[in-house]
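Asks: I have a structure here, written as structure tokens, and I will follow up with some questions on it.
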Amino acid sequence: MAEVGDRVLIGGCGAVVRYVGNVEGHPGVWVGVEWDDPRRGKHDGLVNGVRYFTTRLQNIFAVANRFTSFRIPNLAENITSLDIGSNPIRCFSNISGNLNRLEKLSVADCNMEKIVLRDDQFPNLCILNIKDNLISEWSSINQLQKIPKLSVLYMDCENLNCVSGIDVHEVVIAKLSGLIDMNRFQVSSVERQSAEVRFLDKYFTVEEDLKNDHVGDIERLKKIHGTGAAATKSRGLDVLAMSICYEGKTVKRRLPLAITVQKLTEMVGRVFSVNEVNLKLKLDKGEYQVELDNPMRPLDFYSPEPDDVIPQASAEQELSCESYQAALKSDTAPRPSVELSCIWSVLKAMSSQSIVKPTPKHVYIHLIRCGVRLSAKNRTVCSAIMMMHRLLEREIGSIVCNYTLATTCLVLATKSEEDRDIGVRDAINASHRILHPDGDPAKLDDYMYEVRKGISELTFVVIRELNFDLSFGHPFDLLAAYIDILRSWMPNEFLQHPIADSCSTMLRDCYSNPDFVLSHSSSSLAIAVISLVLKGIDIDVPYSRDWYEVLHKSMTEQRLRKIE
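Under full-length UniProt numbering, the first residue of the sequence shown carries the number 1, and numbering increases by one thereafter.
Below, the structure written as structure tokens:
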């Protein structure tokens, strides 16, 4: 007979014995267990109003259960993680109960249009996921300021609007002072200061109706940063006095805020008699420097302040996007710097075939093969493919070698999906071996270091091209939830066959055609994958109704067959 505290294995699932004894109204001796998987179990130790034991549950996963409200009972005081995504919760007031220890909350895809919070609703919440909702008002983002410990936020930015010259994610960072991670990207102190200064500059002088949702933030940031360039513009001035340094020489100029980086570079070239093609400009903000990296952006974009310095403008040899393929044919051509160095290095080191542009499907399959070689998570591979799919629709897809972009996307995906065992060099080696199966392995030398540095630089270009949004709404979470339900119906079959792994692999392979994936809902795709795997193993689901209708009420046999 098991004793309280013993670990047991039931149907392949682990648990801890919490109670052994009689249960009122039920004959015999009963054993109460707390499952390792919090999604299992019929109760938390309370039977017919009598509590026989208390679980130590810390996590609740209740995705796609059609809840319209959710209450955490007072007895579940240890709950630190709650995922109630894909339920029609609609508003935070429908989430109640003992929330004092809650640290992580996901309300993704809960049909929320507005956020309204009580001041003390989430005293210890650190991580919040509000993606795939319909939030379109800045007043809702202001409500998040009531979460004192909020440090990690996942959200969609496309439904929010802001004034021109600043990105939505920068406004969010400026408004939420405790944020250190937004959509899986670290908010460094430099990025925070830049976002706050740019926010202040852009909203300081706008019309009142555009400023209404930001008045408190403007006043708060004025106390931190002053008014900077915004004060200059508010006085009707649009020029700044700045110092420009080059090779020990310094000149002072009054520069218009509207001047583009390209025009400024040309001016600096004339002043110092240097070919502007070879110049790279930076803005000295005192504690840090900001590279003026986009020739088409106005100086105002970089939030300059009076008496800022453009220090030691450096001369480097550049390679234009238009001529990189021709330069590849020459071993004596100048190497590109910064962003384009990755194009040069990776193309020269990885793929002689890359000058002939591969088809998108070849690139997607290349990513799958790289993922298999690296033993990457299937979700990581699919994220890389969706990034690549977006990039191929943009100009960068026609300028940069597609295999270079693919490797960069894979590196980014390992970070966004927390596939921590895979590094930049691993991704480069895998891609190189697949492109050159009969060639020598990539050598670990200075040239590899240059390639690695180039890929790392290109990741920042890709992030900007994707508008800092690396979310793709993968069906993997739903697939896992559906598989858990099926496992509870037929545990023996899951012990005998690798059903879960086969489903995950098949779903990954579907991404060789991203348009197909995007044309179906996550639930439909997950169910179709499960159906095909079960047919391949020749397993019938032991349920009186069609199992797919139980998992998703809108799924029909005709629709399922069409997807298959």
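From the three backbone atoms N, C-alpha and C, an ideal C-beta is built for every residue, glycine too.
Helix, strand or coil, according to DSSP, for TYR19 in the structure here?
Replies: Three-state DSSP puts TYR19 in a strand.
Asks: Taking the alpha carbon of ILE463 as the reference point, which residue from GLY32, SER69, MET388 has its own alpha carbon closest?
Replies: The option with the nearest alpha carbon to ILE463 is MET388.
Asks: Please go through the segment 164 to 188 and give each complete beta strand (DSSP E) segment of 3 or more residues, from N-terminal end onward.
Replies: Counting only runs of 3 or more, we get nothing.
Asks: Express the C-alpha separation of ASP540 and CYS401 in angstroms, rounding to a whole number.
Replies: Cα to Cα, CYS401 sits roughly 47 Å from ASP540.
Asks: With distances taken from CA atoms, which of THR359, SER554, VAL411 is nearest LEU374?
Replies: Considering only alpha carbons, the answer is VAL411.
Asks: Using a Cβ-Cβ cutoff of less than 7 Å, which residues in the same chain neighbour residue 626 once the five nearest sequence positions on both sides are dropped?
Replies: The structure shown has nothing for residue 626, since the chain only spans 1 to 564.
Asks: Helix, strand or coil, according to DSSP, for GLU34 in the structure here?
Replies: In this structure, GLU34 counts as strand in the three-state DSSP scheme.
Asks: Are the segment 178 to 192 and the segment 203 to 221 touching, with three or more C-beta to C-beta distances below 8 Å?
Replies: Segments in contact, no.
Asks: Please classify ALA174: is it buried, with 16 or more other beta-carbons within 10 angstroms of its beta-carbon, or exposed?
Replies: ALA174 comes out buried.
Asks: Near LEU551, which residues of its chain fall below 7 Å by C-beta distance, leaving aside the five closest residues on each side in sequence?
Replies: These residues qualify, in order along the chain: TYR482, ILE485, ILE527.
Asks: Where are the beta strand (DSSP E) runs, 3 residues long or more, that stay fully inside the segment 255 to 289, in chain order?
Replies: Correct list: 282 to 284.
Asks: Give me, in chain order, the residues of the same chain whose beta-carbon lies closer than 7 Å to that of SER512; leave out the 5 immediate sequence neighbours on both sides.
Replies: Here the set comprises LYS361, TYR364, ILE365, ILE368.
Asks: Closer than 8 Å by C-beta to ASN378: which residues in its own chain qualify, once you throw out the five before and the five after it? Chain order, please.
Replies: Hits under 8 Å: GLY371, PHE476, SER504, THR505, LEU507, ARG508.
Asks: With a 10 Å radius around its C-beta and 16 neighbouring C-beta atoms as the bar for buried, classify VAL15 as buried or exposed.
Replies: Looking at the sequence itself, residue 15 is Ala, so the reference to Val does not match. Buried, because 16 or more other Cβ atoms sit within 10 Å of the Cβ of ALA15.
Asks: Using a Cβ distance threshold of 8 Å, determine whether the segment 265 to 276 contacts the segment 240 to 250, with at least three qualifying pairs required.
Replies: Segments in contact, yes.
Asks: Beta carbon of LEU200, beta carbon of HIS169: below 8 Å?
Replies: No; because the gap between Cβ atoms is not below 8 Å, this pair is not in contact.
Asks: In terms of residue numbering, what span does the alpha helix (DSSP H) encompassing ASN492 cover?
Replies: First-last of the alpha helix (DSSP H) with ASN492: 491 to 496.
Asks: When you compare each of ALA376, GLU395, GLY165, ILE537 to GLU418 by their alpha carbons, which one comes out closest?
Replies: It is ALA376.
Asks: Straight-line CA distance for SER177 to ASN142?
Replies: C-alpha separation (whole angstroms): 11 Å.
Asks: Leaving aside the five residues before and after ARG253 along the sequence, list all residues of the same chain whose C-beta is less than 7 Å from its C-beta, in chain order.
Replies: MET242, ILE244.
Asks: Compute the Euclidean distance between the alpha carbons of GLY473 and ASP109, then round it to the nearest angstrom.
Replies: Whole-angstrom Cα-Cα distance: 10 Å.
Asks: When you compare only the Cα positions, how much space is there between LEU281 and GLU291?
Replies: Each residue's alpha carbon lies about 6 Å from the other.
Asks: For ILE385, which residues from the same chain have a beta carbon less than 7 Å from its beta carbon, with the 5 sequence-adjacent residues on both sides left out?
Replies: Same-chain partners within the cutoff: TYR364, LEU367, TYR511, PRO514.
Asks: According to DSSP, simplified to helix, strand and coil, what is SER96?
Replies: Residue state, collapsed to three classes: strand.
Asks: Between which two residues does the alpha helix (DSSP H) containing MET387 stretch?
Replies: Per DSSP, MET387 belongs to the alpha helix (DSSP H) from 378 to 391.
Asks: What three-state label does DSSP hand LYS252 in the structure shown?
Replies: LYS252 falls in the strand class under three-state DSSP.
Asks: Under 8 Å: do the segment 98 to 113 and the segment 127 to 136 share three or more Cβ pairs, one atom per stretch?
Replies: Segments in contact, yes.
Asks: What does the alpha-carbon distance come out to for the pair GLY49 and ASN22?
Replies: Cα to Cα, the separation comes out at about 15 Å.
Asks: Can you tell which of LEU495, LEU299, THR250 has its C-alpha closest to the C-alpha of GLN262?
Replies: The residue with the shortest Cα to Cα distance from GLN262 is LEU299.
Asks: Might you give, ordered along the chain, the residues of its own chain that have their beta carbon closer than 7 Å to the beta carbon of LEU560, omitting 5 neighbours on each side?
Replies: Correct list, in chain order: ILE527, ALA528, SER531, TYR548.
Asks: Terminal residues of the continuous alpha helix (DSSP H) containing ASN142?
Replies: Counting along the chain, the alpha helix (DSSP H) containing ASN142 begins and ends at 138 to 143.
Asks: Among SER303, PRO542, GLU557, which has the Cα closest to the Cα of LEU283?
Replies: The shortest C-alpha separation from LEU283 is found at SER303.
Asks: From the DSSP output, in three-state form, read off HIS474 for me.
Replies: Looking at HIS474 - three-state DSSP - the assignment turns out to be coil, as it is neither helix nor strand.
Asks: Which same chain residues end up closer than 7 Å to VAL517 when comparing Cβ atoms and leaving out the 5 residues on each side of it in sequence?
Replies: Same-chain partners within the cutoff: CYS510, TYR511, LEU525.
Asks: How about LEU179 and LEU150: are their beta carbons less than 8 Å apart?
Replies: A contact, by the Cβ cut-off of 8 Å.
Asks: Taking C-alpha atoms, which residue in ARG118, SER471, THR380, SER523 lies nearest to LYS553?
Replies: For LYS553, the nearest C-alpha among the options comes from SER523.
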